[in-house]
Amino acid sequence: MSSVDSQQRILSGMRPTGKLHLGHYHGVLKNWVKLQHEFECFFFVADWHALTTNYDDPSGIEHSVWEMVVDWLAAGVNPGSSTLFIQSRVPEHAELHLLLSMITPLGWLERIPTYKDQQEKLREKDLATYGFLGYPLLQSADILVYRAGRVPVGADQVSHVEITREIARRFNHIYGREPGFEEQAEGAIVKMGKKNAKLYRTLKNRYQEAGDMEALETARALLKEQQNISLGDRERLYGYIEGGGKVILPEPRPLLTPDSKMPGLDGQKMSKSYNNTIGLREHPDTVSRKVRTMQTDPQRVRRTDPGEPEKCPVWGLHKVYSDERTQMWAQNGCRSAGIGCLECKKPLIDAIVEEQKPLHDRAAEYESNPDLVRAIIEDGCETARDAARDTLEEVRAVMGLKYR
Ligand code: TRP
Ligand code: SF4
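Per numbering that gives the first Met the number 0: the sequence shown = residues 0 to 403.
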């Protein structure tokens, strides 16, 4: 089995629920594009997660999957640096979900805020299902099957990463306690050589006695550097720092996605459910029409009435798209009735259309070559499966499912 550097590994997913918009671009996707240069990234289409709420009408899922992949590629997610794949094509997610379900207390799932919230919000659907209750556990399996150390998510998903940590801890607690663990860990320390062994013990004490997080990080870094200990010993020593057993499934941390500053056409947060979006690959004519018909400061009835940018959703777009000079021009022009609203909107239309040009270009390339998109995903699924298989092999073994 190959060794995994969890702290370097990132996993995130999106449900295929329709076309992406500029809110996704400025929030999630630009973040992914940045992360792919710094980490080993796995990004996937969570089609099973889409089924948990759309089981009654799955007809749109397939189309949404491919459309979303093209949206990602258009936004600059690069299949050369990150692994792009589809959840249901890596059945190891399902196997780990099943195995984790054995140790997951029902109460943990019932208590997650999104469980009741979403049921309330999607009243028209019957979500009193087994699959929907298990939504966060499936998400845990998504993360743990890659032993990803960091998970970029929005604030609404942090509770799902938290339960993943709890499940990993419980798993390691139950299955990481092999007989003779302490002796083996002590033996492994010695293998690091005198100097490192001493340093490891000091850091371990500092963490265990004083809760020194820096010592924990340093000890982990120390283990990462060790050339002459086996993977099993490394996992033992990771767990031993914290006084636990072997770390088979490392606990991931949420990497909070910076809140998208992208306002919708009505000034609220851009969201499909508010019907205020500009598509990620919206046609320039439609961008122009959508911005031109945006509401402005209601006090500004006539061209000669002065307005107040703070009361106008158009100003929110200037904050995202305009440089300081244009912003001053808009503010002063608005308050003095020196410019009209259409005039004020013009530089925004230009900026959005300009921003989208490279996205349209990339998308066109992929749309004219669907086989290429299929091949990218095929490739990604294979890479993902290899990584997932490694984890499952170890999970099966410690759960007593190794028939050889
Ligand atoms: N639940 C996430 C959402 O709705 C999507 C998702 C599924 C996910 N599995 C994941 C995100 C694993 C991060 C990691 O946005
Ligand atoms: Fe809004 Fe600009 Fe019109 Fe002022 S001038 S009301 S900021 S669109």
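Even glycine gets a Cβ: it sits at the ideal position worked out from N, Cα and C. The structure presented is a predicted model; accordingly, all values stated were derived computationally and were not measured.
Query, Result
"Cβ-Cβ distance between R384 and V89 below 7 Å", "yes"
"Residues of its chain near R299, where Cβ-Cβ distance is below 6 Å and the 5 sequence neighbours each way are ignored", "G306"
"Residue burial classification, A209 (beta-carbon count within 10 angstroms, cutoff 16)", "exposed"
"Cβ-heavy atom distance, V157 to the ligand SF4, below 6 Å", "no"
"Any non-hydrogen atom of the ligand SF4 within 6 Å of G315 CB", "no"
"beta-carbon R14 near the ligand TRP non-hydrogen atom, thresh 6 Å", "yes"
"Spatial neighbours of P308 in its chain, beta-carbon cut-off 8 Å, leaving aside the 5 residues before and after", "D296, W314, H317, A329, Q330, C333 and R334"
"Endpoints, beta strand (DSSP E) assigned at S335", "Counting along the chain, S335 falls outside any beta strand (DSSP E), and DSSP gives it neither H nor E."
"Exposed unless 16 or more other CB atoms sit within 10 angstroms - verdict on V157", "exposed"
"Bridge partner(s) assigned by DSSP for I85", "V44"
"Integer Cβ distance of L400 from H23, believed to fall under 8 Å", "The pair is not a contact, with the Cβ atoms about 39 Å apart (cut-off 8 Å)."
"Where the alpha helix (DSSP H) containing S287 begins and where it ends", "P283 to R291"
"Extent of the continuous alpha helix (DSSP H) run through P112", "P112 to K120"
"Any non-hydrogen atom of the ligand SF4 closer than 6 Å to G263 Cβ", "no"
"Any non-hydrogen atom of the ligand TRP closer than 6 Å to A45 Cβ", "yes"
"Straight-line Cα distance separating V76 from G266", "28 Å"
"DSSP beta-bridge partners of L255", "V152"
"Secondary structure, alpha helix (DSSP H): runs of 4+ residues fully inside the region 308-390", "312-320, 323-334 and 340-366"
"T295 beta carbon near the ligand SF4 (any heavy atom closer than 6 Å)", "yes"
"Cβ-Cβ separation, I85 to C380 (assumed contact under 8 Å), whole Å", "6 Å"
"Three-state secondary structure (DSSP) of R8", "strand"
"Local Cβ density within 10 Å of R189, reported as buried at 16 or more and exposed below that", "Here residue 189 is Val; the residue named in the question, Arg, does not match the sequence. Burial call: exposed."
"Assigned exposure category for H172 - 16 Cβ within 10 Å defines buried", "exposed"
"For R106, three-class secondary structure by DSSP", "The amino acid occupying residue 106 in the given sequence is Gly; Arg does not appear at that position. The answer is helix: DSSP assigns G106 an H, G or I state."
"Pick from R8, V27, R373 and G192 that is closest to R149, judged by C-alpha positions", "R8"
"Local Cβ density within 10 Å of Q355, reported as buried at 16 or more and exposed below that", "buried"
"G26 and T256 closer than 7 Å at C-beta", "yes"
"Closest by C-alpha distance to Q226, when choosing among G192, A386 and K197", "G192"
"Proximity test, R324 beta-carbon vs the ligand SF4 heavy atom, cut-off 6 Å", "no"
"Contacts around V3, its chain only, beta-carbon distance under 6 Å, and the 5 residues preceding and following it disregarded", "R146"
"Integer-rounded CB distance, given that A214 should sit under 8 Å from L202", "4 Å"
"As assigned by DSSP and simplified to three states, the class of E241", "coil"
"Cβ pair count under 8 Å reaching 3, the region 30-40 against the region 51-68", "no"
"Buried versus exposed call for M67 [16 or more other C-beta atoms within 10 Å across all chains shown]", "buried"
"Proximity of M327 and H20 at Cβ, strictly below 7 Å", "no"
"Other residues of its chain near K245: CB distance less than 6 Å, five sequence neighbours each side excluded", "G175, E234, R235 and G238"
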